[in-house]
Each structure stands twice: as structure tokens, then as C-alpha cells.
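Going by my numbering, 487 is the number at position 485 of the first sequence; the sequence numbering is gapless. This report refers to the structure that appears directly beneath it.
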Amino acid sequence: MPPTFDEIVASLTDAQREAVTQTDGPMLVLAGPGSGKTRVITCRIANLIHQGVRSHQILAITFTNKAAAEMKQRVAAMMPDQRIWISTFHSLGVRLLRQYADRLGLDRNFTIYDQSDRVGVVKAALKSAAIDVTRFTPETIQGAISKAKNKLLLPHQFEKQANDYFSQVVAQIYPVYEKKMRDANAVDFDDLLMWPALALTKDEEMRAELDARFRYVLVDEYQDTNKAQYEIARGLTIDHPNLCVVGDPDQSIYRWRGAELRNILDFERDYPNARVILLEENFRSTKAILRVADHLIAHNKKRKPKTLYTAKDEGSKVGALLFETGLEEADLVAQRIRQAVEAGKRHYRDFAILLRINALSRALESAFTRQRIPYQLVRGVAFFERKENRDVLAYLRLLLNPKDDLSFVRAVNEPARGIGKTSLEHLQKYAEPRELSLLAAAEHVDKIPAIRGKAVTGLKAFALMMAELRGVLEATPDEVMRQVIDRTGYRRMLKESDNPEDQERLANVEELITAAHQFHAEDESRTIADFLENITLASDVDGFDEKQDCVAVMTLHAAKGLEFPVVHMMALEQGILPHERSLMRDEELEEERRLAFVGITRAQEELYLSYARMREFRGQTLYAVPSMFLEELPQDGIETSDLSSSGGRTSPAVNTWRGSTAGASKGWYDTGFSDPKASREHERPEDDAPTGYEVGVMVHHDVYGVGCITEVSGQAALRKIKIRFSSGERSFLAAKAKLAIVQPT
DNA sequence: ATCCAGTACGTTTTT
DNA sequence: CGTACTGGAT
């Protein structure tokens, strides 16, 4: 029997209850980590409904789709059958843009470009504006445009305040970029916030309409809102200032993305009669963990101090673990996890490994695979970023939005249709002055004399095929996907390829059909367009499934809002955490410290901070300097163990390396020995005695059938090979496995 | 037009 | 170390 609403309210602390029951007027909830923030928000929503507020008058905004889904579920548990609008800022933006498309001068079928699409647009803009900048990468320029948009600066406004050379270059490209976006009927992530924000500040009629519609607005993770998001929240709550924002300045980790800590710090200025509630009691972590977190974050100067406390036990000491190398770190952390599970103390799902950068996950993946430890890498969108999947999705995007030139270029010659670089350039030259999309130009290919031969028939066939496929769009998402894969020839291309990697690509593309099917099965009203939108707006954590019994591996950013019994934070080394690019500026360094704080406060019972003496980086092994944050922890609160293979015997004191070489500022020191590849070269006599087992060779196994070798490692008796069968990947000792090489026919 | 091999290049974090 | 792009050969 679930508790009644009254029982739930009764179980809240005084501060929490006040945040839940004071529903009218502006409210700022400063919620420390683990202080029951989500509980407060969901109870507040439930309470509003309890008081008779209509569910469609409530808008709750979260940071990720996962958080939104969770919140919906928790509200539904208390107040069933209510349809409350809970979404991310970006999803809200999409809905507003589609709803008010006419008013904003947008076509309703716009495509949402992700960052890699945007880089493509910048490249195209550079090309068509004939600007040749070798000094700045398209990525950097894209980043600057993104920043401008976060600040709600349109091209002409940006130009006015472009003082340095870089900004002036960006100012030249920004309007071209915008033109291309409009021509392609595309919007980027920032547009999803910028357009609604500008509309709310400029179109009073629209603003008042929306303000009246959303009587109660709640914003989670308010410390991470940027100017555009601020204006959206503000614009919706002028006539009905029932805005409740929840956040923690100490957990602000998106400054680089335009987040303005000022938004939360100045809330009381914007809403002078705001009620401020502090949630300082932590219900998540042990005293030992909380003390470490508190001590660390106290080193930030630009900060409002607050006291964190918990009624929980002291718990075990926080462990600082030193390893010899990054590889050992991964191996031994994996081993510790496995031993705890095998001893029956823990489940795999109790563990999380938190990393500053994604690149660190490689070593872990290999350690987990070797030790047969189940894990999930929380990097949800990676699957859709594979070339083959992007290709297929490009077809779909082009079908839904024929003006999407970027997708046209991507799809038109994959599989090959004889349309090369020169033909495409001719097509572009024809289309641009005529304000035609590339697809429309392809339909007129007869009028373009410069295009000849195979390219003519190829373009015609492509245009015709797209026209035919457009008729399929009404089918279910999975059926549309299947038709696209089949009728574009994409499946055939992969199937007939003799490159073994293409068989995996085929499997991935087929997985898209399954994904579309599942998407539809969850809610039958969803279309293929919804599917595409969902993919582009998905965040990394969205794919994380805490019910699966495996170790979670993710970045510190992705971990925000989650909690785990045991947390391992890895690579606490200068240059990684804090990241080398933050070392120059105090504000960025403080953000790194907050990032560490977020990581530490994810832990409920046990926390381990690990680092290594040496770390392989970009092919060479460098000495690492322990993170300055380790020195900022209460020394009596942590227990340091040297688990390195040398046991600390041979290593000189870390301090003797400091500040001597050029690498000092970055925190890296050359170890003086060359990269491991060189030494591996010595011990590779196995290449002289070929066994026929090479990557790409097809083999037959008595049990698993035919598979393809994906990896060969080790030598002689220890030579191992990894084989991918249709049933999955398996490793064998080459000497023992009953394998026969299948001769290609 | 296409393919491949060689090189240049860069690497935080993400909706 | 890996990928992405360029320039050469076919």
C-alpha cells in the first residue's frame, strides 16, 4: 500500500514541507546534494494538483529527459492520471517553435542540427563566403556562434561588439551560417532556446498568452541555466510570478556552455519578494563522505558558504588509491569491484565509475571485458553517431525536410551513385543563386549542362527515389526505417560488401529499425519525425538504465543528479581533474572543483579517489602529478593506499618534479622512455610465424559457427584471438580453440 | 569517380 | 593513439 499524499507530506522535514506547501509567489530553493530536491519538486507538483490547480497549468523544466521521465513517474505515483508538462528546456523550445512557427517565420518541419551538423554548416559557410581561415578551426567558430546565441546576440548585435580579430572573423561567418540554417529549414540546439526567449521578450501577445497558460512554473538545476533559459523562465512568470527554482550554486558545472551562476545568485533581486529555502540536510552520504565534499568545496572563493550535515553514520574512510599507471588503475579498480561482488557484499549495479573525460573509458572497457564484469558506458547518443546510422538518418531527415542540404550531401552518394565532388559542386553552383535546395536542383539536373555522364542518371534516380519514399512516411516508424534502408540500396551495399566491418554496420542499421519499433511501441501516436527529434535531443544519461545489474561508467557531468552506494572517481591528476584547460583561469578552476564536488557527493557509502603515477596519453607515457584537489581534502578524513606495482619504493617524491619542465603548467612530465609501442615491437616475434589468424579473417567454430576475427593479441601459447559471431563476441586462446579458417570464395 | 595510403591534426565537459 | 582530410594512383 503506497503512502497517501498526506503521509508523504508528514514525512518531510520542516524546510522541505515549506518548499512543498508554499505554492504561490516566487521561491528559490537552495538544495545541497542529496537533500531531497527531486522529492520536493514532485511533492510540490502533487500538492498543486491536490489544491485544485489544473495539471495543464503546471510546467516543470528539468535538465535531461531522464530527469523529466523520472519526475513524471514519481508524480504519477502520487497523482495518477494527470498530464503535467514536464520536459527539458530544449524539448519545451521545440514545442513552442513548432506551435508558433508561423509567427516566428519558421517552417514547421524544421530539422534540428546537432553540433557535428553545425560544424558542417560552418565549413560550408566558410566555403561559400570564400573565407579562408587557417587560424581557427570550424569547431572553434561554431563554439563562438553558440556562445553568442546563448547570450541572445543576433549576428548584427554580435558584430557591433566584436573587438578582437577572432570575434571579427566569427562576426563575418555568423550571418552566413544563419542564412544557411534558414535556407536548410534547420535550427540548432541554441535556436531552440534563443527563438522562444527572443519571442517572449519581444512579442508581448505571445508572452502573455503563455504566461497565462502556465500558472505554475518549476525549474530544476537552475544554477545551470544560461541567459536564454533565464529569459524563458522570466517571460513565463511576469503576470503569474509563481516561479519555483531549485538548484545548488556549488553544483554549477556548465559555465562553458553559457550557464550563468548569476541567474541563481540574483534570483532575489529579480523577484524581490521571493521566499528562500535552504535544504542543507543530506540524506544520501555518510558523514565521512560529506565532510570530504564540504572541505573541498570550501576552497572556492566565489561562493556563498553553506553547511551540509547528515544524520547518517560516520561510515568508512574515503580511500585515496595510488596506482603505477592508468592501465593498472583500471585493472585493479575493476578487480576490487569484482571481488566485492564475488564476496557477496555488493551487486555490480552498486558501483559507478566517474571520469572527467570520455577518453579514460577505454582502459576501463578493456579491463571490464577481460575480467568479464558487466558494465554500461553511459554515452547514449554514441550509437546514433556511427557513420552508418548517420547516413540512414540523413535519408530520413531529407525526406522530412527536403531543404536539408547537409543531409542531401551526406546521403546522395552513399551508396555510390556516381555523384562525385565535381558534380556536387556544379549542383551547388546551380542551386545557390536560384535559392533552390540541392534536392530541388537535382530534379532539374537536365538544365545543368555542366553535369554529365553517370552523375546525371544518378541524380535523377536519387530525386525520383526520394519522391517515392516520401509516400512511405505515413507508415509506422520502424516500417519507414526498413523501407529507407532497403529502397535506398543501403542494405544491399553493406550486405554485398566483402569488408567484414560492414556486417557489423548492417547489424547497427538494423538495430535502428528495432529502436524505431520500440519507440513506437511505447506510444503509438509517435511518428518517425518524433523519433528523429528524440534522438537529437537525447542526452548521454538518458540511455542509462539503473535497473541493469552492471557497473556504470560515465563522465562527471553525466553523473549529476544520480547516486550510487560505491563511487570510484578516477584519474585525479593535474591536467585531467582539474583539466589542463581550466588551470589558467580561477573561475574555470573553481568549476573543476565543483565538478569534483558533484562526483564526491554521488557516493552513498563508499568513495574512492584514484590516481596513477604515469598515464599513457596520446601515444606516450607521461608522469602525472596528483590532483591539487587531493591536497584540499581533510587529511584525517581520507586513507591513502599505495597500490602501485612498485609499492612506492622506487618513486621519487612528487614535489621534486613540480615546476621544473615545460610540461609543468599542464601537469605532465615526460617519463623519459618512449611509447609502449616501441617496446611491444621488440616482443613481437609472433609476426614471423604467421598462424593465418589475422583481423578480418573469417573462421568457423564448431559451436558458434562462422565468425570474423576482430582482434589478435599475445604471442605463442598465449596468443588470443577475439571473434565476432552473429551471437556475439568471444575470445579464445588460438592454440586451443577448435577453429578452421574459412577460405573466401 | 573512387579508392587508398599517407599525413596532419587535435582532444573537456553536452542539450 | 585515433580520426579526418588530402593528394595521389587507378
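Glycine is no exception: its CB is placed at the ideal position from the N, C-alpha and C atoms.
- Within the same chain, Cβ atoms closer than 6 Å to the Cβ of Trp87 are found at Leu61, the five residues on either side in sequence being excluded.
- Judged by their CB atoms, Leu195 and Leu645 are not nearer to each other than the 8 Å cut-off.
- For Pro82, no alpha helix (DSSP H) encloses it, and the DSSP letter there is neither H nor E.
- DSSP, reduced to helix, strand and coil, places Pro567 within a strand of the structure shown.
- The beta carbon of Gln59 is closer than 8 Å to those of Arg215, Phe216, Arg217, Tyr218 in its chain, skipping five residues each way along the sequence.
- In this structure, Tyr432 keeps its C-beta atom at 8 Å or more from the C-beta atom of Ala442.
- In the structure shown, the three-state DSSP call for Arg726 is strand.
- In terms of CA proximity to Glu634, Phe599 leads the group Phe599, Arg381, Gln159.
- Residue pairing by DSSP places Thr557 opposite Leu357 in a beta bridge.
- Residue pairing by DSSP places Leu280 opposite Leu32 in a beta bridge.
- For Trp87, the enclosing beta strand (DSSP E) has its first and last residue at 87-90.
- Secondary structure of Thr516 (DSSP, three-state): helix.
- The alpha-carbon separation between Glu641 and Glu548 amounts to approximately 29 Å.
- Note that the C-beta distance between Val486 and Tyr397 is below 8 Å.
- A straight-line Cα-Cα distance of about 11 Å links Asp241 and Glu206.
- Residue state for Gly317 is assigned as coil, using DSSP reduced to three classes.
- Per DSSP, Leu263 lies in no alpha helix (DSSP H) and is assigned neither H nor E.
- Residue Ile143 holds the alpha-carbon nearest to the alpha-carbon of Ala173 among Val414, Gln225, Tyr625, Ile143.
- A residue is called buried once 16 or more other Cβ atoms fall within 10 Å of its Cβ, and Asn165, having fewer, is exposed.
- Look at the beta carbons and you see the segment 284-299 not touching the segment 257-268: under three pairs across the two are nearer than 8 Å.
- Between His522 and Pro479, the CB-CB gap stays under 8 Å.
- Fewer than three Cβ pairs drawn from the segment 576-589 and the segment 379-389 lie within less than 8 Å of each other, which leaves the two stretches out of contact.
- If you check the CB distance, Val555 and Leu609 do not come in under 8 Å.
- Listed in chain order, the alpha helix (DSSP H) runs fully inside the segment 468-540 are 479-489, 492-497, 503-524, 530-538, counting runs of at least 4 residues.
- Taking the Cβ atoms as the reference, Val121 lies roughly 6 Å from Glu141, within the contact range of under 8 Å.
- Look at the beta carbons and you see the segment 272-280 touching the segment 8-26: at least three pairs across the two are nearer than 8 Å.
- Just so you know, the alpha carbons of Gln117 and Trp258 end up roughly 15 Å apart.
- Within the same chain, no residue comes within 6 Å of Ser13 by CB-CB distance, once the 5 residues on both sides are set aside.
- Ile63 sits in a strand when the DSSP states are folded into three classes.
- For Ala345, no alpha helix (DSSP H) run applies, since DSSP gives it neither H nor E.
- Going by C-alpha positions, Asn244 is about 11 Å away from Leu50.
- Under the three-state reduction of DSSP output, Phe160 falls in the helix class.
- For Asn391, the secondary structure class from DSSP, reduced to helix, strand or coil, is helix.
- When the five nearest sequence neighbours on each side are left out, the beta carbons in the same chain lying within less than 6 Å of the beta carbon of Ala354 are those of Ala554, Phe566, Val569, in order along the chain.
- The beta-bridge partner set that DSSP reports for Cys710 consists of Met700, Arg726.
- For Asn403, the secondary structure class from DSSP, reduced to helix, strand or coil, is coil.
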